[in-house]
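Here's the structure, in structure tokens; my notes come after.
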Amino acid sequence: MKDWKTSAAELYDGSFRPMFIGGNWVEARSGQTMNATNPADGSLLATVPQGDAADIDAAVAAARKTFEGPWAKWTPFERQALLLRIAERFEAEWEDLCLSDTLDMGMPIQRTLGNSRRVLGMLRFYAGQAVSIHGQTIPNSFPGEIYSSTMREPIGVVGAIIPWNAPIAGSVWKIAPAIATGCTVVLKPSEEASLTVLMIARLMQEAGLPEGVLNIVTGTGAEAGAALAEHPGVDKIVFTGSTATGQAIARAATGNLKRVSLELGGKSPVIVCRDADMDKAVPVAAMSVFANSGQICIAGSRLFVAREIHDEFVQRVADYAAGLKIGHGVDPDTDIGPIISARQAERIQGYLSAGPAEGAEIVTGGGRATGTGLDEGHFFHPTVFGGVTDEMSIAREEIFGPVISALPFDTLDEVVTRANATPYGLAAGIFTTHLGTAHKLANRIKAGSVWVNMYHAIDPAVPFGGVKMSGYGREGGTEHMEEYLDTKAIWINA
Ligand code: NAD
0 MKDWKTSAAE LYDGSFRPMF IGGNWVEARS GQTMNATNPA DGSLLATVPQ GDAADIDAAV
60 AAARKTFEGP WAKWTPFERQ ALLLRIAERF EAEWEDLCLS DTLDMGMPIQ RTLGNSRRVL
120 GMLRFYAGQA VSIHGQTIPN SFPGEIYSST MREPIGVVGA IIPWNAPIAG SVWKIAPAIA
180 TGCTVVLKPS EEASLTVLMI ARLMQEAGLP EGVLNIVTGT GAEAGAALAE HPGVDKIVFT
240 GSTATGQAIA RAATGNLKRV SLELGGKSPV IVCRDADMDK AVPVAAMSVF ANSGQICIAG
300 SRLFVAREIH DEFVQRVADY AAGLKIGHGV DPDTDIGPII SARQAERIQG YLSAGPAEGA
360 EIVTGGGRAT GTGLDEGHFF HPTVFGGVTD EMSIAREEIF GPVISALPFD TLDEVVTRAN
420 ATPYGLAAGI FTTHLGTAHK LANRIKAGSV WVNMYHAIDP AVPFGGVKMS GYGREGGTEH
480 MEEYLDTKAI WINA
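Take the sequence shown: its letters are residues 0 to 493, numbered as in numbering that gives the first Met the number 0.
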């Protein structure tokens, strides 16, 4: 088996990693840098540029020049071939890419190696989409005299802003459709996790990505992110992150009326009916939250369980949680890695205190995990709260940590109403062995994705996104291509 710890020391040695603008690896114009640290132990992995508005200006100019220049001449077949070459390059460097993510944001290596692998499928899916872009010939009111048709055009320069919780998938899901459609991109990764995104840019460059198609500006949200969101040279913003930041970005985008797609937060319900197959449902319901230490937008953090089976089911989820191994992501046995930052750990701690204060009882967990190897990072025991009511803050607000709130229910009508009583609408899970119940609930739950007797499935060919305050726009599927394309009508008087 690969020795991940030795490889980790070889991958990042604390040195400076430049950002990527116009095909060049550069410092910030201000010369400022930020530290990239390992959340498992606080060690310095590298320093990266702290880009600001001046760097965003340079990156947007490079993206615009390429969009209007040589990139516009690339055929769909050439863009397709590029995406396929990138997939091959990623595959060749897959272990280093995953290790980089594990070091940079803490995701356990086994999860990165398995779960993130869907990005290879993504690249190949968008390679197929690149050669499937077409308009229509439309019969009009002047048959035989005037011909009308539509053509699809790339929207232009796309500003992409992503969070830290899944840098490989998060960045590729923004970049691949841009390449497929012929757009160019300025991407700002999270200040908490820039390194893997820089590695992705290097691999894409090695695969033959022309200069200016992808530009990466590392920096903070307040400086580089805000500058990108309001930049008049950007035609579209694709954003993944919190609802509050999404709202700020939507406001900033009004200056030049750039279009916006938002993949935001959630407080997703998992509904376990009394006829559910408990053996199958327990681990899935638990990992719907505990995977990636709860730092997942689709976390099924409100666990509604039919009253008849509530106590047994919740106890089994708690027992499962208590058996999960907490540790550094580079340990192949680790199930639960560190929380990204002290700020995020404080937030989680706040909810762990608020739960009991508001009357919830701790079934398992409830605090930090400490001890050998854990004291330098921010580790938490997976926590299950029982005795929760819908009004409690732990049942209403996104925690983004390993915390489940268990809530009993009596009837299907009641659980639908309660599950929908949230500003969010990202995802939902249903566990039942009754087909009719599955249909009824799946139809009535307001969410962008509903999984029945499963959770977490995300596929490049299937649209993913939210409703209500979980955002708008879709990633994945043919819908995703629409986010990067404009329609032009052409009239010809023959
Ligand atoms: P965040 O909103 O704090 O930051 C996301 C990105 O936005 C970062 O790159 C940040 O630097 C940038 N940013 C911050 N302020 C900005 C501003 N004013 N203008 C422009 N950019 C700005 O989110 P986070 O803490 O990094 O990630 C966690 C959140 O992301 C959670 O709410 C989670 O649900 C959400 N998320 C959603 C999805 C999804 O697909 N729906 C996926 C992953 C994460």
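Every residue gets a Cβ at the ideal spot worked out from N, C-alpha and C, and that includes glycine.
Review point. For Gly127, which of Asp103, His433, Ile236 and Ala175 has the nearest alpha-carbon?
Key: Comparing Cα positions, the closest option is Ala175.
Check your understanding: How is the beta strand (DSSP E) around Asn114 delimited, first residue to last?
Key -> From DSSP, Asn114 is part of no beta strand (DSSP E) but of the alpha helix (DSSP H) over Ile108 to Asn114.
Check your understanding: Is the distance from the Cβ of Gly496 to the Cβ of Leu261 below 8 Å?
Key -> The question about residue 496 has no answer here: the residues shown for the chain are numbered 0 through 493.
Review point. So, using beta-carbon positions, are Gln204 and Ala129 closer together than 8 Å?
Key: At a Cβ-Cβ threshold of 8 Å, Gln204 and Ala129 do not count as neighbours.
**Study point:** For Tyr146: DSSP bridge partner residues
**Key:** The partner list for Tyr146 (beta bridge, DSSP) reads Ile491.
Review point. What is the DSSP secondary structure of Trp24, reduced to helix, strand or coil?
Key: It is a strand residue.
Exercise for review: Could you check if Met106 is buried or exposed, using at least 16 other CB atoms within 10 Å of its CB as the buried criterion?
Suggested key: Under this definition Met106 is a buried residue.
Check your understanding: Any heavy atom of the ligand NAD closer than 7 Å to the Cβ of Asn291?
Key -> False, no ligand heavy atom lies under 7 Å from that Cβ.
Point to revise | Helix, strand or coil at Asn255 according to DSSP, with G and I counted as helix | key: Note: Asn255 maps to helix in three-state DSSP.
Review point. Taking 7 Å as the cut-off, does the CB of Lys187 come closer than this to any heavy atom belonging to the ligand NAD?
Key: Indeed, a heavy atom of the ligand NAD lies less than 7 Å from the Cβ.
Check your understanding: Based on Cα-Cα distance, which residue from Asn452, His479, Asn23 and Met468 lies nearest to Asp458?
Key -> Of Asn452, His479, Asn23 and Met468, the residue nearest in Cα terms is His479.
Check your understanding: DSSP on Gly293, reduced to helix/strand/coil?
Key -> Helix.
Point to revise | Any 3 or more C-beta pairs closer than 8 Å across the segment 427 to 447 and the segment 91 to 107 | key: Segments in contact, no.
Review point. What separation, rounded to the nearest whole angstrom, lies between the Cα atoms of Leu302 and Arg443?
Key: Those two C-alpha atoms are separated by around 17 Å.
Review point. Going by beta carbon distance, what residues of the same chain come within less than 7 Å of Lys257, once the five residues before and after it are set aside?
Key: These residues qualify, in order along the chain: Val233, Asp234, Lys235 and Ile236.
Point to revise | Segment limits, alpha helix (DSSP H) that includes Gly476 | key: Membership of Gly476 in the alpha helix (DSSP H) is indicated by the continuous run Gly476 to Glu481.
Review point. How would you label Trp496, buried or exposed, when you count the other beta carbons within 10 angstroms and need 16 or more for buried?
Key: As displayed, the chain neither begins before 0 nor continues past 493, which places residue 496 out of reach and without an answer.
Check your understanding: Quick check: the segment 51 to 67 against the segment 107 to 126, are there 3 or more CB pairs under 8 Å?
Key -> Taking 8 Å as the limit for Cβ pairs, the verdict is that the segment 107 to 126 does not touch the segment 51 to 67.
Review point. Which residues bound the beta strand (DSSP E) around Val271?
Key: Note, Val271: beta strand (DSSP E), Pro268 to Val271.
Practice item. Starting from the C-beta of Gly158, find all residues in its chain whose C-beta is less than 6 Å away, skip the five residues before and the five after it, and write them out in chain order. Key: Apart from the 5 residues on each side of it in sequence, Gly158 sits with its Cβ closer than 6 Å to the Cβ of Val185, Leu227, Val233 and Ile236 in its chain, given in chain order.
**Study point:** Given 8 Å, three or more beta-carbon pairs between the segment 362 to 369 and the segment 31 to 51
**Key:** Short answer: they don't touch.
Exercise for review: Take the Cβ of His133 as the centre, count every other Cβ of all protein chains shown within 10 Å, and call the residue buried at 16 or more, exposed below.
Suggested key: Burial call: exposed.
Exercise for review: My understanding is that Ala223 touches Gly50, with C-beta atoms under 8 Å, so please give their C-beta distance in whole angstroms.
Suggested key: Taking the Cβ atoms as the reference, Ala223 lies roughly 5 Å from Gly50, within the contact range of under 8 Å.
Exercise for review: Given a cut-off of 8 Å, decide if Asp103 and Thr195 are closer than it, judged by their beta-carbon atoms.
Suggested key: The answer is yes: Cβ separation under 8 Å.
Review point. Any heavy atom of the ligand NAD closer than 7 Å to the CB of Ile444?
Key: No, Cβ of Ile444 sits at least 7 Å from all heavy atoms of the ligand NAD.
Review point. Are the segment 342 to 352 and the segment 15 to 34 in contact at 8 Å, needing three or more beta carbon pairs?
Key: No, they do not touch.
**Study point:** Contact under 8 Å by Cβ, Gly220 with Thr242
**Key:** Thr242 is positioned such that its CB atom lies no closer than 8 Å to that of Gly220.
Check your understanding: In chain order, which continuous runs of the beta strand (DSSP E) of length 3 or greater are located wholly inside the segment 281 to 363?
Key -> Whole beta strand (DSSP E) segments, 3+ residues: 301 to 305 and 360 to 363.
Check your understanding: Once you ignore the five residues that flank Gly385 on each side, which residues in its own chain have a CB closer than 6 Å to its CB?
Key -> The residues are Val313, Glu360, Val362 and Ala405.
Point to revise | According to DSSP, residues forming a beta bridge with Tyr471 | key: For Tyr471, which the question treats as bridged, DSSP gives the partners Leu261.
Check your understanding: Which stretch, first to last residue, makes up the alpha helix (DSSP H) that contains Ala62?
Key -> Where Ala62 is concerned, the enclosing alpha helix (DSSP H) starts and stops at Ala52 to Glu67.
Check your understanding: Should Pro162 be counted as a contact of the ligand NAD given a C-beta to heavy atom distance under 7 Å?
Key -> Checking every heavy atom of the ligand NAD against the Cβ of Pro162, one is found closer than 7 Å.
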